[in-house]
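Trainee: Residue numbers (my numbering), protein chains in the order written: chain V, 176 to 509; chain D, 349 to 809.
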Amino acid sequence: MDLTILWFILVAVLFAGFFFLEGFDYGVGILLPFLGKSDGERRAIINSIGPFWDGNEVWMLTAGGAMFAAFPHWYATLFSGFYLALFLILVALILRGVAFEFRSKDDRPAWRNFWDWMLFLGSLLPALLWGVAMANLIRGVPIDARMQYAGTFFDLLSPYTLLGGLTSLLLFTLQGALFLALKTGDELPQRARQAGLKIGTGAVAALLLLLIMSYWETDIFTRIVPGIAAWGALVALLLAWWSLSSRSYGGAFILNGLAILLGTAALFGGLFPRVMVSSLNPRWSLTIYQASSSPYTLKVMTIVALTLVPVVLLYQGWTYWVFRQRIKARNLEY
Amino acid sequence: MDALLLARWQFGITSVYHFLFVPLTLGLSVLVAIMETIYVRTGDETYKNMARFWGRLFLINFAMGVVTGIVQEFHFGMNWSEYSRFVGDIFGAPLAVEALAAFFLESTFLGLWLFGWDKLPKALHAACIWLVAFGTNLSAFWILVANSFMQEPVGYVLRNGRAEMTDFFALLTNPHVLYQFPHTVLAGFVTASFFVMGISAYHLLRQSQLEPFRRSFRLALITGVISSLLVAAVGHFQGQYLVNAQPMKMAAAEALWESADPAPLALVALVDEKDQTNTFEIKIPALASFLAYNSFQGEVKGLKDLQAAAEANYGPGNYIPPVTPVFWSFRLMVVAGLWLILLSFYSLYLWRRGRLEEKPLVLKALLWSIPVPYLANTAGWLMAEIGRYPWIVYGLQRVEAAVSPGVSAAAIFTTLVAFTLLYGVLAVADVYLLAKYARQGIETTPATRMLDNSGEVSLWI
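Here's what the structure looks like:
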């Protein structure tokens, strides 16, 4: 296969893995102040993602690194163009990362409360902004003939892209609720279920509206496969909601995860073979062929990735196996 | 201020800040792994408690290193998009491999280590921290491969207006990284050794929890003596190498304006960059030649000759980096390094005679020397990076050609201020927690610690 296409698929897979895995731990962070009534409950909530969140975040770093290595122009245009959005994500991830480590290392309620809200904010912002960023990718942004972003931060905010952000926020939060229903004990699963049903209803509405608007705002439905994937995401989400309401948490988690994966597939499928859509002139859109690295670099990186990715999947999978039990108060480390 | 200057300040501030946390991570992960291995092999619970205690300090520090590292990966695209376009073909690869091979390893196995005390067999649990240690040091290798390409481009060809990779293996065996990697890793071991020695000295001073802190001290003393000596030795050979590979950087580090044979070494100098001269200096004859060539003869090129050669090579322009900061950061690094060698050897001498604990002054010196490796690390990077100026990629791309054209000075200024404030606040919180836990010391009965609001006992705050 053409290595350029392979790397486009790999970047898409890395983003899909990132949204699938970090989606639920963003969601857990967002739900933390609302579902955790006591300090003990809050610690249980945080510890439910304790062993996983950092490894999940590396999916994002790897996606960024792969983009840089395989499509330098994509990386350069996207990161310099979406400047303030990415800056906000960075600030959020900084606060979130240290919040995990700092939060329970001091007894004062004010200290713990502060870091709980930082964890909330640090999870909410990226969950929202990655959706905004992805919606902008497919909708198109002002890119000039020299591959440079020619707009401002506020050009990234339109009803459609904000709806994209809201959709990812709700999908991730639902995924977080489902994860908590699976991993916590006592009253928390029940509370997570209640929250999940409400959030799920909102997610269905947001995704439905997003799909309808996509007919006008994007060209995603001009091709069969991305179109099917997009509507498939909605079907999976509806099934997830139904599973949750019938108390099948595992099924709901997998189905909503499927919705996230299908949504990502629709997005990247709709982009292909472009990586950045220009709203100024279709000819100025960046394609995988213009943006890519040399064949030699792609070959080297292919060998590296095909060797390492299976190993990573194995040991990350093993982590989930080791920590498969529900959280009990005596295993708390955070 | 213009966007270029702001972008440089931002990269400088965030990189220096990031590298405050990295060296301790590199070294302390290995020390904790050694402690836990001793526990597994002997069954001595003291070593387990030590591993947990130092492991907790490791984690507080590690979190800061991780989150500030994410900023660095995003930076290249955000502020330096033209750089990313120019070298992405080469520079992106080690970054991607770093994430794939090292970040996954360290983050996943750190999670297993932290939460796996009761879930994993002892030996497997110890293996987890070894994998963390391996991952962090591996990540240092990959990012230094990337940095070394900026210092000394190898394995590339200029094609389509950018640098394209032709030989991946050449990148990995770049002579520059073969010096830089051991120097950096050893500096990490020095940092961790003095961190452990300093905090142990604090407890020895207070006569609290003597047994575990004596053992911690002994371990760190051994690694400290070895690593502080080796880091200087590697640094010396690195300097000899750079005299040929980056003569401009070394001439700036010596504030040597005129070529000389034999060349003197200025111990201190007042540098006048405008008139290209030193208004005052104390120098030792022929020492620069000796350090460069192991001989009291041999020409060391001066800045003016190198400038002329660079103009002939690359066209008109200023190719002399800011001399004052390079000169002084080099001296700061060397003096700090010498102090650490002296202190560790004197401590070893006292320790061998069993008299260290009778010398409160030495213990205090050890405690107050915890920041010294940090000064040396920072100074070393300032010398390496400022000394590369005006190039972002040595001989291939100048910094002004690398900055993002579409990002306004106002945007960079905003983020610069925000990062600086945020980093300042986090530094306070981080040092507060480190000091709190360092003072608290090693717990002997971890299961009796604290009660949650929920009334349940937890193992570890």
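Beta carbons are placed, not taken as given, at the ideal position from N, Cα and C, and that holds for glycine.
1) Bridge partners for D:Ile630 per DSSP, in chain order?
2) What's the call for V:Gln369, buried or exposed, on a 16-neighbour Cβ count within 10 Å?
3) Would you mind telling me which residues of chain V sit closer than 7 Å to D:Pro753, beta carbon to beta carbon, in chain order?
4) If we ignore side chains and look at the alpha-carbon of each, how far apart do D:Gly546 and D:Gly685 end up?
5) Can you tell me whether D:Phe489 is buried or exposed? The criterion is at least 16 other CB atoms within 10 Å of its CB, across all chains shown.
6) Excluding sequence positions up to five away, which residues of its chain have a Cβ less than 8 Å from the Cβ of V:Tyr509?
7) Give me, in chain order, the residues of the same chain whose beta-carbon lies closer than 8 Å to that of V:Ser454; leave out the 5 immediate sequence neighbours on both sides.
8) Compute the Euclidean distance between the alpha carbons of D:Ala585 and V:Lys474, then round it to the nearest angstrom.
9) How long is the line joining the alpha carbons of D:Leu479 and D:His473, rounded to whole angstroms?
10) Can you list the residues of chain D that V:Met476 reaches, using a CB-CB cut of under 7 Å?
11) Within 8 Å (strictly less), CB to CB, does D:Ser432 reach chain V?
12) Based on the DSSP output, what are the partners of D:Val741 in its beta bridges?
13) Run through DSSP, which three-state label would D:Glu512 get?
14) Thinking just about the alpha-carbon of each residue, which of D:Asn592, D:Ile689, D:Val619 and D:Ala599 is nearest to the one in D:Ala581?
15) Taking just the CA atoms, how far does D:Leu486 sit from D:Val525?
16) Taking the continuous beta strand (DSSP E) assigned at D:Tyr504, which residues delimit it?
17) With a floor of 3 residues, list each beta strand (DSSP E) that falls wholly inside the stretch 448–511 of chain D, ordered by position along the chain.
18) If I follow the unbroken alpha helix (DSSP H) through V:Met309, where does it start and stop?
19) Could you name the residues of chain D that V:Ile269 contacts, counting a contact when the two beta carbons are closer than 8 Å?
20) Identify, in the order they occur along the chain, each residue of the same chain with its Cβ nearer than 8 Å to the Cβ of V:Phe491, setting aside the five sequence neighbours on each side.
21) Taking just the CA atoms, how far does D:Leu782 sit from D:Arg404?
22) Quick one: what's V:Ser453 bridged to in DSSP?
23) Our contact map puts D:Leu569 next to D:Ser695 with C-beta atoms below 8 Å; I'd like the distance itself, whole angstroms only.
24) V:Thr342 and V:Leu382 - do their beta-carbons sit closer together than 8 Å?
25) Closer than 8 Å, CB to CB, is D:Lys467 near chain V or not?
26) I'd like to know if the stretch 550–564 of chain D and the stretch 396–411 of chain D are in contact, where contact means that at least 3 CB-CB pairs between them fall below 8 Å.
27) With respect to the alpha helix (DSSP H) encompassing V:Thr348, which residues constitute its N-terminal and C-terminal limits?
28) So within the stretch 457–506 of chain V, which uninterrupted alpha helix (DSSP H) runs reach at least 4 residues, ignoring any that extend past its ends?
29) Does the contact criterion of 3 or more C-beta pairs under 8 Å hold for the stretch 317–332 of chain V versus the stretch 445–460 of chain V?
30) If V:Ala238 sits next to V:Val186, beta carbons under 8 Å apart, how far is it from one beta carbon to the other, in whole angstroms?
31) Check the Cβ of D:Met412 against every Cβ in chain V and list those closer than 7 Å, keeping chain order.
32) Can you name, in chain order, every residue of its own chain whose Cβ lies under 7 Å from the Cβ of V:Leu337, other than the five neighbours on each side?
33) Please compile the residues from chain V whose C-beta is within a distance smaller than 8 Å of the C-beta of D:Ser576.
34) Taking D:Thr456 as the query, report the chain V residues whose CB atoms sit under 9 Å from its CB, ordered along the chain.
35) Is the number of C-beta pairs between the stretch 411–430 of chain D and the stretch 242–252 of chain V that are closer than 8 Å three or more?
36) Near D:Ser576, what residues of its chain come up, given a Cβ to Cβ distance below 6 Å and the 5 sequence neighbours on each side ignored?
Mentor: Put simply:
1) D:Val616, per the DSSP bridge assignment.
2) With fewer than 16 Cβ atoms within 10 Å of its Cβ, V:Gln369 is classed as exposed.
3) Near D:Pro753 (Cβ distances below 7 Å), the residues of chain V are Gln323.
4) Taking the CA atoms as reference points, D:Gly546 sits about 16 Å from D:Gly685.
5) Flag for D:Phe489 reads buried.
6) Take V:Tyr509, set aside five residues on each side of it, and the residues of its chain with a beta-carbon closer than 8 Å to its own are Arg218, Ile221, Asn222, Gly225, Phe275, Glu276, Arg278 and Ser279, in chain order.
7) Here V:Ser454 has Arg314, Gly315, Val316, Pro317 and Ile318 as same chain residues with Cβ atoms under 8 Å from its own Cβ, once five neighbours each way along the sequence are excluded.
8) Residue identity check: residue 585 of chain D is Phe in the sequence provided, not Ala. Each residue's alpha carbon lies about 35 Å from the other.
9) Looking at the two C-alpha atoms, the distance is approximately 10 Å.
10) By Cβ distance, chain D contributes Ala441 and Ala444.
11) Yes - at least one Cβ of chain V is within 8 Å of the one on D:Ser432.
12) According to DSSP, which records beta bridges pairwise, D:Val741 is partnered with D:Gln745.
13) The three-state secondary structure of D:Glu512, taken from DSSP, is strand.
14) By alpha-carbon distance to D:Ala581, the top candidate from D:Asn592, D:Ile689, D:Val619 and D:Ala599 is D:Ile689.
15) D:Leu486 has its alpha-carbon roughly 13 Å from the corresponding atom of D:Val525.
16) Run containing D:Tyr504: Tyr504 to Arg507, per the beta strand (DSSP E) assignment.
17) List check, beta strand (DSSP E) in window: 504–507.
18) Unbroken alpha helix (DSSP H) run through V:Met309: Pro284 to Arg314.
19) Simply Val415, Thr416, Ile418, Val419, Leu770 and Leu774.
20) A small correction: the amino acid at residue 491 of chain V is Gln; Phe does not occupy that position in the sequence shown. Cβ-Cβ distances below 8 Å link V:Gln491 to Gly230 in the same chain, with the five nearest sequence neighbours on each side left out; the list follows chain order.
21) Rounded to the nearest whole angstrom, the C-alpha separation of D:Arg404 and D:Leu782 is 9 Å.
22) Note: V:Ser453 sits in a beta bridge opposite V:Val316.
23) The pair is a contact, with the Cβ atoms about 6 Å apart (cut-off 8 Å).
24) The beta carbons of V:Leu382 and V:Thr342 sit closer together than 8 Å.
25) Taking Cβ atoms only, chain V reaches closer than 8 Å to D:Lys467, which makes this a yes.
26) Flag = yes, the stretch 550–564 of chain D and the stretch 396–411 of chain D touch.
27) Run containing V:Thr348: Pro334 to Lys358, per the alpha helix (DSSP H) assignment.
28) With a minimum length of 4 residues, the continuous alpha helix (DSSP H) runs that stay inside the stretch 457–506 of chain V are 463–466 and 470–497.
29) Contact between the stretch 317–332 of chain V and the stretch 445–460 of chain V is present, because at least three Cβ pairs lie under 8 Å.
30) Contact check for V:Ala238 and V:Val186: beta-carbon distance about 6 Å, within the 8 Å limit, so the pair qualifies.
31) Here the neighbours are Val273.
32) Closer than 7 Å at the Cβ level, and outside the excluded window around V:Leu337, lie Val307.
33) Residues of chain V passing the Cβ test: none, with the nearest at roughly 29 Å.
34) Residues of chain V passing the Cβ test: Pro226, Phe227, Asp229, Gly230, Val233, Val487, Tyr490, Gln491, Trp493 and Thr494.
35) Judged by pairs of C-beta atoms under 8 Å, the stretch 411–430 of chain D touches the stretch 242–252 of chain V, as three or more such pairs exist.
36) Within the same chain, and ignoring the five residues on either side of D:Ser576 in sequence, the residues whose Cβ sits closer than 6 Å to its Cβ are Val538, Leu688, Ile689 and Ser692.
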